[in-house]
Amino acid sequence: MRNWNLSTKIIASYSVLIAVMAGTIASGMYWQFYSSQRQAIRNRLLAIVSLAVPQIDSDYHGLVLSRSDRTSAFYKINQDRLVAIQATSPDIKRIYTVRQQPNKKFVYVLNYDPADQGKTVLIGMDYTKSLDNLYAAVARNTPFVEPEFHQTANGETILYGYAPITNLQGRVNGFLVVELDASSVLRQEYSVAAFALVTFLGVLLLTVVLVRWLSRSLVVLPILQLNSAAKQLERGNWDATLPSDVYDGLRLRTDELGELSASFNSMAKQLQTSFATLEQKVEERTLQLAEAKEKADTANLAKSEFLANMSHELRTPLNGILGYAQILQNSEPLTERAKKGVDIIYQCGNHLLNLINDVLDLAKIEAHKLELYPSDVYLPALLEGVAEMMRVRAGQKGIPFTYQPDSNLPIGITVDEKRLRQVLINLLGNAIKFTDEGGVTFRVKTQKLETGTYQIRFQVEDTGVGISPSGLTKIFQPFEQVGDVKKQGEGTGLGLAISQQIVSLMHSTLNVESQLGKGSTFWFEVELAEAKEWAASLRTTKQEKITGFQGSKRQVLVIDDRWENRSVLVNLLKPLGFVVTAVSNGREGLDKAKEIHPDLIITDLMMPEMDGYEMLRQLRQIPELKNIPAIASSASVFESNQNESITAGADAFLPKPVEAPALLKLLEKYLSLQWIYE
178 MRNWNLSTKI
188 IASYSVLIAV
198 MAGTIASGMY
208 WQFYSSQRQA
218 IRNRLLAIVS
228 LAVPQIDSDY
238 HGLVLSRSDR
248 TSAFYKINQD
258 RLVAIQATSP
268 DIKRIYTVRQ
278 QPNKKFVYVL
288 NYDPADQGKT
298 VLIGMDYTKS
308 LDNLYAAVAR
318 NTPFVEPEFH
328 QTANGETILY
338 GYAPITNLQG
348 RVNGFLVVEL
358 DASSVLRQEY
368 SVAAFALVTF
378 LGVLLLTVVL
388 VRWLSRSLVV
398 LPILQLNSAA
408 KQLERGNWDA
418 TLPSDVYDGL
428 RLRTDELGEL
438 SASFNSMAKQ
448 LQTSFATLEQ
458 KVEERTLQLA
468 EAKEKADTAN
478 LAKSEFLANM
488 SHELRTPLNG
498 ILGYAQILQN
508 SEPLTERAKK
518 GVDIIYQCGN
528 HLLNLINDVL
538 DLAKIEAHKL
548 ELYPSDVYLP
558 ALLEGVAEMM
568 RVRAGQKGIP
578 FTYQPDSNLP
588 IGITVDEKRL
598 RQVLINLLGN
608 AIKFTDEGGV
618 TFRVKTQKLE
628 TGTYQIRFQV
638 EDTGVGISPS
648 GLTKIFQPFE
658 QVGDVKKQGE
668 GTGLGLAISQ
678 QIVSLMHSTL
688 NVESQLGKGS
698 TFWFEVELAE
708 AKEWAASLRT
718 TKQEKITGFQ
728 GSKRQVLVID
738 DRWENRSVLV
748 NLLKPLGFVV
758 TAVSNGREGL
768 DKAKEIHPDL
778 IITDLMMPEM
788 DGYEMLRQLR
798 QIPELKNIPA
808 IASSASVFES
818 NQNESITAGA
828 DAFLPKPVEA
838 PALLKLLEKY
848 LSLQWIYE
């Protein structure tokens, strides 16, 4: 028998096949009964909901809106019909109706549970059970029975049926839901399953005695030994092979198991060699990966430090340039030529500042740190301001600019005003830059949604050079520029990439359609909430000139180690009536604060002797000075700098270059000022 091949041994164990056949027959009998019984109860439930739903008055059902309606006649009529429907079939565990809300959720309307005689009123309460099948019923719009049975916490088996409640015009006013007790079907299934199991076990018992000694001695035991050795290999014991006594016994066999044992031992030895080689290579690759990661981390750290230093070093001289440009713009008198020159200085400085901000925004995007800060905004003024700025640019180029706002434009919305303006200015600026003939059109379309929010579409159209199909695939990639080569040098190639990321944070997408030589259309749609407290932002949008403030004089202490930064703040504030004292480091600032007790402090952060952080920390420890409002102002504008300054004790952060409107807004807030306008 040892010389038999494996096929012969399997044939000798034919009795196993008898057991398989018996099991198949028993299983088939059970499955046929199982399927027919379940289909029968589904058909029964489908008939119940199909016959029951016409009895529900759709118009009365649509009138039930709140718990107060439970005493109304139209509620009681339909409720009584639910009771009557349940009485016709005692297997109905519960019958109720639901209505879909605008937010796609469902709420209860009618409810009858025989267990409490319908005393539980659920009108308007959320339907908390699985919604998937309800959504399926909505899609079908016909009576529908769930394919699956559900087991309750009490051990009951429930089948759900649904039917739409429609009026004479076919409008759906809700859904009838019937919960049918299917426990009887389950009990019958258990009985049939028990019978099938007994039949199978009887046949199996007769055959197992016959084949046991054959399978045990000739097939199972050797395979178990092979399996045990294989599991040793699986656990990482690469030295595992068949025991010598087992291997010697199998080696003498000429059937498949003999060949398998020889192959197994050969494979185990090959795995030992391969694993040793692989382990050595993994160690080498791990070392290389660690070195590469260390280099990448070092490069990223160097890049971050470079961006921070570059931003600080460029913003510092820009603070003087833009600061004095703002001072000169408000100086009298200026000749027209001088005024134009100051405007050019301010515009060029702002352009350079925008380029710096683009690079910093890209760094934030790569680090996944770009965030939105929504606030209530007076939308018409925001859009008018952007449109007026673009109208001036287009006029300088000699092309028409058209602004077409929707007549139903909301007054106030909640949005990150800075980022929305940044996207619009980028799209409109690009349109004007690449348009020499024709014109640029800025459209804003609005649709109020049922949720009370607004769907607003911002669309920029131009008749410029257009974009080729190949260019469309890469315009949203950083540092990619398309179009006229002569005009590409006017930007960094980051604007559209940053705009796409900002729009993505607003849960939308920036789209484009373009034809080469005919023009382009960019648009995006955002859903924004209506704002009620937009009036606070209205004053900031006005371009009135501030000449002073009401009330007594206020004293401001300026702390900055660079004389040009101190000079900018002094010359911005003194003409408005502020008494300004300036010192050059934190230690001098503390001493001066103790001496004069200023109404407000504006401090730089990076200074010799004592920096702004330490000055703020010590200031908050001095009882008579700890409540003085303090504004941190720095050319280091990363969020870490801002957060650290607030933690140290600053009330607000003012980035450099200092923008006069932003400075005055903070002074108005912390000194409770009322401005005097020209």
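Going by the numbering used here, 416 is the number at position 239 of the sequence shown; the sequence numbering is gapless. By construction, the Cβ of each residue, glycine as well, lies at the ideal position given by its N, Cα and C atoms.
Check                                                                                                                 : Outcome
Which of helix, strand or coil DSSP assigns to L452                                                                   : For the record, residue 452 in the displayed sequence is Phe; it is not Leu. If DSSP states are grouped into helix, strand and coil, F452 belongs with the helices.
Inter-stretch contact (C-beta, 8 Å, three-pair minimum) for the region 740-760 and the region 504-513                 : yes
Classification of I218 by the beta-carbon crowding that lies within 10 angstroms, buried from 16 upward               : buried
Residues of its chain near I679, where Cβ-Cβ distance is below 6 Å and the 5 sequence neighbours each way are ignored : R596, V600
Touching by the beta-carbon criterion (3+ pairs, under 8 Å), the region 602-622 and the region 685-704                : yes
CB contact flag (I300, S249, <8 Å)                                                                                    : no
Pairwise C-alpha distance: D593 and Y631                                                                              : 15 Å
Close-in-space but distant-in-sequence residues of the same chain around L259 (CB under 7 Å, 5 per side omitted)      : I272, L287, Y289
Environment of F452 [buried if 16+ CB atoms lie within 10 Å]                                                          : exposed
Cβ contact (3+ pairs, closer than 8 Å) linking the region 815-824 and the region 718-738                              : no
Assigned exposure category for Q263 - 16 Cβ within 10 Å defines buried                                                : buried
Own chain residues within Cβ distance below 7 Å of M787, not counting five before or after                            : N762, G763, R764
The region 572-586 contacting the region 684-694, beta-carbon criterion three pairs below 8 Å                         : no
Contact set for G643: own chain, Cβ-Cβ below 7 Å, skip 5 residues either direction                                    : S691, Q692, L693, G694, K695, G696, S697
8 Å CB neighbourhood of I773 in its chain, flanking five on each side removed                                         : Q732, L734, T758
Alpha-carbon spacing of F701 relative to V637, whole angstroms                                                        : 9 Å
Test item: CB-CB of N318 and D236 under 8 Å                                                                           : no
Top-ranked residue by Cα proximity to H238, from V226, R247, Y252, V354                                               : Y252
Burial state of P320 (16 or more Cβ within 10 Å)                                                                      : buried
Inter-residue Cα distance where the pair is Q851 and L547                                                             : 35 Å
Buried or exposed (CB count within 10 angstroms, at least 16 for buried), A473                                        : exposed
From F653, W740, T640, S849, residue whose alpha carbon lies closest to that of N603                                  : F653
N607 - partner residues in DSSP beta bridges                                                                          : Beta-bridge pairing links N607 to no other residue.
Local conformation of N350 per DSSP, three classes                                                                    : strand
Spatial distance of I335 from D293 (CA atoms)                                                                         : 18 Å
Uninterrupted beta strand (DSSP E) stretches inside the region 688-767 (no shorter than 3 residues)                   : 688-692, 696-705, 723-726, 732-736, 756-760
Close-in-space but distant-in-sequence residues of the same chain around T717 (CB under 7 Å, 5 per side omitted)      : With a pLDDT of only 48 at T717, under 50, the local geometry of the prediction cannot be trusted, and the value read off the model is given with reservation. Closer than 7 Å at Cβ, skipping near neighbours: P838, K842.
Nonlocal neighbours in the same chain, by C-beta distance under 8 Å from R462, ignoring five residues either side     : none
Cβ separation of V362 and Q214, assumed to be a contact under 8 Å, to the nearest whole Å                             : 5 Å
Buried or exposed (CB count within 10 angstroms, at least 16 for buried), D737                                        : buried
Buried versus exposed, by CB contacts within 10 Å (16 or more), N607                                                  : buried
Buried/exposed call for T454, threshold 16 Cβ in 10 Å                                                                 : exposed
Span separating the alpha-carbon of P587 from that of L556                                                            : 7 Å
Selected residue, minimal CA-CA separation from E561, among S552, Q581, P551, P231                                    : Q581
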